[in-house]
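To start, the structure itself, in structure tokens.
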Amino acid sequence: AAGRHRSLHAYPRLEHTASNAVCRRAGFTLRGTVAFEYPKGHPITSNDWYADLDGESQGGE
279 AAGRHRSLHA YPRLEHTASN AVCRRAGFTL RGTVAFEYPK GHPITSNDWY
329 ADLDGESQGG E
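This is the structure:
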């Protein structure tokens, strides 16, 4: 499985400060907010935290 995934994302809700703090302390980069439904029919807004697993880039997949 080594090298299969180049990035990792986490999507904690905006108001969940503890989860956002874990992402920040773990070295993730905040890319902004995203809106989606989870579960279907229940809109939420979350932060999009990004971690680069290959160590080469900081943005895309």
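The sequence shown begins at 279 in this note's numbering and counts up by one.
Even for Gly, the Cβ is constructed at its ideal location relative to N, Cα and C.
Just so it is clear, the structure is predicted and the values come from calculations on it, not from any experiment.
When rounded, the separation of the alpha-carbon atoms in residue 283 and residue 330 is 9 Å. In this structure, residue 324 sits near residue 312, with a CB-CB distance shorter than 7 Å. In this structure residue 326 touches residue 310 by the C-beta definition: roughly 6 Å separates them, less than 8 Å. Straight across, the Cα-Cα distance linking residue 314 with residue 301 is about 20 Å.
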